[in-house]
Amino acid sequence: MKVLGRNFFNRATRKVAKELLGKILVRKYRGKRLAGRIVETEAYLGKNDPASHACRKITPRNIVMFGPPGVAYVYLCYGFHYMLNAVTEKNGKAGAVLIRGVEPLTVPADKAANGPGKLTKLFKITKKQNGRVLALKTGLYIASDGMKPLKIRNTVRIGIKKGAELPFRYYIEGKQHVSGK
DNA sequence: TTACCGATCGCA
DNA sequence: GCGATCGGTAAA
Numbered sequence: 012m013k014v015l016g017r018n019f020f021n022r023a024t025r026k027v028a029k030e031l032l033g034k035i036l037v038r039k040y041r042g043k044r045l046a047g048r049i050v051e052t053e054a055y056l057g058k059n060d061p062a063s064h065a066c067r068k069i070t071p072r073n074i075v076m077f078g079p080p081g082v083a084y085v086y087l088c089y090g091f092h093y094m095l096n097a098v099t100e101k102n103g104k105a106g107a108v109l110i111r112g113v114e115p116l117t118v119p120a121d122k123a124a125n126g127p128g129k130l131t132k133l134f135k136i137t138k139k140q141n142g143r144v145l146a147l148k149t150g151l152y153i154a155s156d157g158m159k160p161l162k163i164r165n166t167v168r169i170g171i172k173k174g175a176e177l178p179f180r181y182y183i184e185g186k187q188h189v190s191g192k
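Using the numbering used here, read the first sequence as starting at 12 and increasing by one per residue.
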């Protein structure tokens, strides 16, 4: 298992979104290790992407998206659900990849993780993780075990109104923990 | 200071 | 189909 570092995320957002498929999301929580294979992602860019929080200026919420890559961007959506993103692009340029679905690999393996709000609940990810570097020492990171997805699909993003026509959603075909349909 | 509404989910 | 429930954002 190789932990993905800053270089992996310091690239074009769509490329990172696609390559995150098949990687392992790892969370250490109260002495336990939770892991899941990423099966669905979406790219959110900077100012040319109307659906992105970073399409306008820097604000207290979206500032993490403009910062260095390889950092977690977590925010509350609809007053209920935390969304987990990995920040991409070089420092100063906005971009992030929303993790929308993971296939659980550790003990509660049967729990639902097919959806961005569900997986943060399962992995105990909250606003506390916002701005944290994705690394071993922070207890939240993404690693590679060398496995590559068999078949990647690319579609429009789901669950948004603005910018919905842009084909920035990626998922692994045939995986049960892909959200929506 | 207020009003609006969103990268969702689960239940009817 | 709809309600739950929070907080960022922009307008006033």
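Ideal Cβ placement from N, Cα and C applies to all residues, glycine included.
query                                                                                                                           : result
Under the three-state DSSP convention, the category Gly128 falls into                                                           : helix
From Lys58, Ala83, Arg22, Val27, residue whose alpha carbon lies closest to that of Ala146                                      : Ala83
Runs of beta strand (DSSP E) wholly within the region 61 to 88 (minimum 3 residues, chain order)                                : 83 to 88
For Asn18, the first and last residue of its enclosing beta strand (DSSP E)                                                     : Here Asn18 belongs to no beta strand (DSSP E); instead the alpha helix (DSSP H) covers 17 to 20.
Residues of its chain near Tyr143, where Cβ-Cβ distance is below 8 angstroms and the 5 sequence neighbours each way are ignored : What sits at residue 143 in the sequence shown is Arg, not Tyr. For Arg143, where only same-chain residues beyond five positions count, the Cβ hits under 8 angstroms are Val82, Ala83, Thr149, Leu151.
Cβ pair count under 8 angstroms reaching 3, the region 110 to 119 against the region 64 to 83                                   : no
Where Leu133 sits in the DSSP three-state scheme                                                                                : helix
Under 8 angstroms between C-beta atoms of Ala23 and Thr52                                                                       : no
Glu51: first and last residue of the uninterrupted beta strand (DSSP E) it sits in                                              : 43 to 55
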